[in-house]
Amino acid sequence: MSKIIASAVFRASNRIVDETEQFLNKTIAEKGEDFAFEFPDTGYFLPHFYAMTGIAVKTLGEMRQIMTHARSHTHPEPAESIYKPYLGEALDAGMATLFAQEVLMALRYVYKLEPYYDKEMDFTYNGYITDTILRDLGFQLVDGSMPGFAAIIGAAESEERAVKIVMELQQRNVLTFLSGHNEKGDSVTKQLHRQGVQMGWETRLVPLGPETEHTVYALNWAMRSAMTFGGIKAGDYKKILKYNQNRVFAFALALGPLDDMKWATGAGAINQGFPAICDTEVPEIRPRGVCTYEHVVKELDQDKLIQTCIEVRGVKLTMEKPPIPVAFGPAFEGERIRREDTFLEAGGNKTPAFELIRTREMNEVENGKIEIVGLDDKVKETLEKGGAIPLGIVVDVAGRKMQQDFEPVIERKLHDYINAAQGVWHMGQRDIIWVRISNNAHKEGFKLDHIAVILQNMIMSKFPAIVDKAQVTLHVNEEKVKELAEEARKTYKERNERIANMTDESTDTFYSCLLCQSFAPNHLCVISPERLGLCGAVSWLDGKAAYEIDPTGGNQPVPKGKTLDETNGRWDGVDKYVWANSHNTLESFSAYSIMINPMTSCGCFECIVAVVPEANGFMIVDRGFTGMTPIGMKFSSIAGMVGGGTQTPGFLGIGKYFITSRKFLTADGGLPRVVWMPKSLKQFLGDKLYERAKEVGFPDLPDQIADETMATESEELVAHLTKVNHPALSMPSII
Ligand code: SF4
Ligand code: ZN
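So the sequence shown is numbered by the numbering used here: it starts at 25 and just counts up by one.
Rendered as structure tokens:
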């Protein structure tokens, strides 16, 4: 049986190695040996090859060695022969195939053939998956909102089937990559396109490219996650493959008959620990030895396909669907609803609208009660025919453990919950919300009160430990909405003040976040009122609420204990906790220093702070800025040095809001040390940055801080700082 597969794998691997080598020779002849190449926004060179061998390939000439490896199959033997008994040499050929495919894609980039543009569909595929996206998804991977990945290769039996398959995956929150085509040139991407399905990162359906070879983009992405989050060094291929097998819940779904290239790519994927599920008659490959799941499985019953995929790979599911007539899941959060597709809308400066969570006494809330209040004839007509209505969403909650402090934590979630319904869109928060219900959702039977149904159900199921009862009132009378919005504004203001007054000194308990340990085993965040988690998604209040909700979960109280060092922010309770929870690898954390025992990073930081010795200060670069920085590296390269749960003095991963915190690296001089940041980050921080600058006595600081339009290398930077008389230059030496 495996002989048939093995010969298919050999045929395809030989073919692609030959073809790619010819293409490489031609490219070198035209562009030269020294022609530099890197995939867009990455710090990992040609990632598959880099991960397996530790060799950083930077030019066309250097790509030759990848081809030599591929041809001679002399690359390291994969995965300690976990899989060898089944496919033997064919697995090596699978890895060789992926090496060649990666070079092929690089060459296609050189000729601007990637990301592939399909003229007929007028559609551009995603192409290479950037490091920024890899990191963006980090938090979703750990909080369970993205339990797994699928790579669909080929075309479904019909367009309807294609839609059904991806919908099932979306509803299970699985991120789906699409590539390849069938013998007629049709593909799931094209099928979905014809059916008008929205594709892209927002909907978790990402077409990589039209050929089977494009699957390598998904596979080298998985390789990078081991280095980015797992802190595993490039070249430590055994650990990298193990990481893929144990922590990346991915599988391939091969639709339609398998040709040689699909088998060869599949052999490479199996090598990485990813099983393939096929909907055709194929020889199955069952597990033996240390690996506990199947490698190749057939499922001929189309209705059971996705269930089988999920079971084979053991993807953990977290799905609750409120009783509404449309699909529901985070995959629909990014969906856009254009004006012409809108049936009903509220807010968005067209009508008054707001949303508010209120804590009430137990006897004041009737659990499950849903009400629309203020229905007059005009609103009734709009609800039937479409248009814009005023909308005040008031959610009353009660619970023995409910605290007013948790109101904003729950309120922030309303956005996600409403957005998760297919055909329903939500933007903003508080009194600047904007809600749309699409024509399609309306046709499916989605009505205004379903918004209340969603909120009531989701709050009860997501916050069971703090909310015992919840009722939702939708106000639609314009005068009443305005009046209630005014009251709501008072509440928002009080909350703002309460949070602003909360300092690290005002509490004796911080909270930990251990969520990222699922992929960065020794990393933990210690979160204080004035320093949020580095991913930007977890504040001290979030940590506190999460602990109340699930006392054995990923957020635990950390008693500060005795103060050891006020300046650097060290407490003996924190140090004890850090030691125990970093598995005895980290002795101490400083909350306010980048130089002495700085906090570690998992990889999902929003920004990186780095010391620029020549400028006697810090530069800050945020994820998403792809240009050069004054320390001579791009975000992607710096990020490679900071992740993986180790302390790197002089470098620090942080959440954006930490920059304007009163505790921002005070031990090292604080805000006046900041000498450079991208323009967009400055704009993002906006007034808050000016406010803080004024507070620390340097009101002009935001304009003195350089950005990429003023300096992209250190000499230029120092010249600029000298010209504007930046305070960092006259501060004590930073090193
Ligand atoms: Fe990961 Fe830290 Fe964010 Fe928690 S707070 S999810 S540990 S980055
Ligand atoms: Zn993280």
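The beta carbon of each residue, even a glycine, is placed where N, CA and C say it ideally should be.
When the beta-carbon positions are compared, D589 and P553 stay at least 8 angstroms from each other.
For Y149, the secondary structure class from DSSP, reduced to helix, strand or coil, is coil.
When the Cα atoms are used, F273 and H319 turn out to be separated by approximately 13 angstroms. If you ignore the 5 residues before and after N605, its C-beta comes within less than 6 angstroms of the C-beta of L548, all in its own chain and listed in chain order.
In this structure, V134 sits away from F69, with a CB-CB distance that is not shorter than 8 angstroms. With a cutoff of 8 angstroms on beta-carbon distance, V645 and S738 are scored as not near each other.
DSSP places M484 inside the alpha helix (DSSP H), whose first and last residues are D473 to K486. Annotated as distal: F430 and G447, with beta-carbon spacing of 8 angstroms or more. Fewer than three beta-carbon pairs drawn from the stretch 327-342 and the stretch 418-432 are found closer than 8 angstroms, and the two stretches are therefore not classed as touching.
With a cut-off of 7 angstroms, the C-beta of C626 is classified as near ligand 1, since at least one heavy atom of the ligand falls inside that distance. Exclusion of the five residues before and after V127 leaves T44, M87 and I90 as the residues of its chain whose Cβ lies within less than 6 angstroms of its Cβ. Ligand 1 never approaches G669 closely enough for any of its heavy atoms to be under 7 angstroms from the residue's Cβ. The shortest C-alpha to C-alpha distance from W287 to any of T121, T690, W458 and A445 is the one to T121. In the displayed model, P231 falls within a strand according to three-state DSSP. Going by DSSP, C333 is part of the alpha helix (DSSP H) stretching over L329 to R337.
Across the structure, Y535 and Y571 are spaced so that their CA atoms are roughly 8 angstroms apart. Our two residues, A444 and E357, have alpha carbons roughly 5 angstroms apart in a direct line. If you draw a straight line from the Cα of F675 to the Cα of G664, it is about 11 angstroms long. CA-to-CA, the gap between F708 and A730 works out to about 15 angstroms. Secondary structure note for W245: it is in no beta strand (DSSP E), and the uninterrupted alpha helix (DSSP H) holding it is V240 to T252. According to DSSP, K658 shares a beta bridge with M652. DSSP places P726 in no beta strand (DSSP E) but in the uninterrupted alpha helix (DSSP H) bounded by L725 to Q728. For P432, no beta strand (DSSP E) encloses it; the enclosing alpha helix (DSSP H) starts and ends at E431 to N443. Nearest neighbour of S249 by Cα position, chosen from V198, S96, A75 and F59, turns out to be A75.
Judged by their CB atoms, E630 and I551 are not nearer to each other than the 8 angstroms cut-off.
Distance from the C-beta of A117 to the nearest heavy atom of ligand 1 is not below 7 angstroms. At a threshold of 7 angstroms, C333 does not count as near ligand 1, since its beta carbon sits no closer than that to any of the ligand's heavy atoms.
Shown here, H744 sits in a helix according to DSSP, grouped into three states. No heavy atom of ligand 1 is found nearer than 7 angstroms to the CB of C631. In summary, S617 is buried, with 16 or more beta-carbon neighbours lying within 10 Å of its beta-carbon over all protein chains present.
At a threshold of 7 angstroms, G557 counts as near ligand 1, since its beta carbon sits closer than that to one of the ligand's heavy atoms. In this structure, the beta-carbon distance from V698 to F642 falls below 8 angstroms. Scanning A179, Q219 and W225 for the CA closest to the CA of T200 turns up W225. Pairwise C-beta distances place the stretch 195-212 in contact with the stretch 170-181, as three or more of them are shorter than 8 angstroms.
Excluding sequence positions up to five before and after V339, its CB lies within less than 6 angstroms of the CB of P171, G172 and F273, all in the same chain and listed in chain order.
Taking C-beta atoms as the reference points, A36 and A114 fail to come closer than 8 angstroms.
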